[in-house]
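Count along the sequence shown starting at 1, add 519, and that's the number in our numbering.
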Amino acid sequence: MAVRHILCTQCDLPLDVDETAKSVNCRHCNTRVITEAMVVAEYVAVRRFATANRMRITKKGIVYASVRADALEVEGVLQGDVVSLTSIRIAKSAQVKGSLRGASLSLEPGATFVGDVAIGPEQVPTAESTVDGALAREAAAREAAGR
Ligand SMILES: [Zn+2]
């Protein structure tokens, strides 16, 4: 079996998953994490819509949710706050409203986008940043417990 390294979509800590797994239980925060690539071609209205994989919202997709993905492509309608660990592509047919965070952004001419953006490699969680963060939190907790 091939192993894929992901970050939990809930707590951002690193997990190793079977490449073929559709979901996994996070061993850090015990949340069910979707790990399959998603193609969205319907109406979706939820609070949080997340996968530790690619997500593509097609022209038929209408999504009202906070979205989290490893890479995001939008061709349809999206309203909500977005975090993509790598790229965000907003195609010319897309209508997006909300805040965007990602390592990179491409916005095609013709696309509608209204909202805030925070783009750059340092804007998104990475295995290094979250592991360092977790180790620092653990060290701080130990120190606090020792006093
Ligand atoms: Zn987790």
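Backbone N, C-alpha and C define an ideal beta-carbon position, used for all residues, glycine too.
Model, not experiment: these values are computed from the prediction.
Take the Cβ of residue i as the centre, count every other Cβ of all protein chains shown within 10 Å, and call the residue buried at 16 or more, exposed below.
i, result
"Asp537", "exposed"
"Leu619", "buried"
"Val602", "buried"
"Glu555", "exposed"
"Met574", "buried"
"Gly595", "buried"
"Val565", "exposed"
"Thr528", "buried"
"Gly639", "exposed"
"Leu654", "exposed"
"Asp637", "Correcting the residue identity first, residue 637 is Ala in this sequence and not Asp. Result: exposed."
"Cys545", "buried"
Need the endpoints of the alpha helix (DSSP H) that residue i sits in, please.
i, result
"Ala659", "646-665"
If I follow the unbroken beta strand (DSSP E) through residue i, where does it start and stop?
i, result
"Arg567", "562-569"
"Val522", "522-526"
"Leu534", "533-537"
List the DSSP bridge partners of residue i.
i, result
"Lys616", "Gln598, Val633"
"Ala590", "Arg573"
"Arg551", "Asn544"
"Val559", "Ile576"
"Leu626", "Ile609"
"Val643", "Val643 pairs with nothing; no bridge assigned."
Going by the CB atoms, is the gap between residue j and residue i shorter than 8 Å?
i, j, result
"Lys579", "Glu592", "no"
"Ala521", "Val552", "no"
"Leu604", "Ala584", "no"
"Val582", "Val563", "yes"
"Ala646", "Pro533", "yes"
"Lys674", "Gly634", "Examination of residue 674 is not possible in this model, given that the chain is present from 520 through 666 alone."
"His524", "Asp535", "yes"
"Gly617", "Asp589", "no"
"Ile609", "Glu627", "yes"
"Arg587", "Ala569", "yes"
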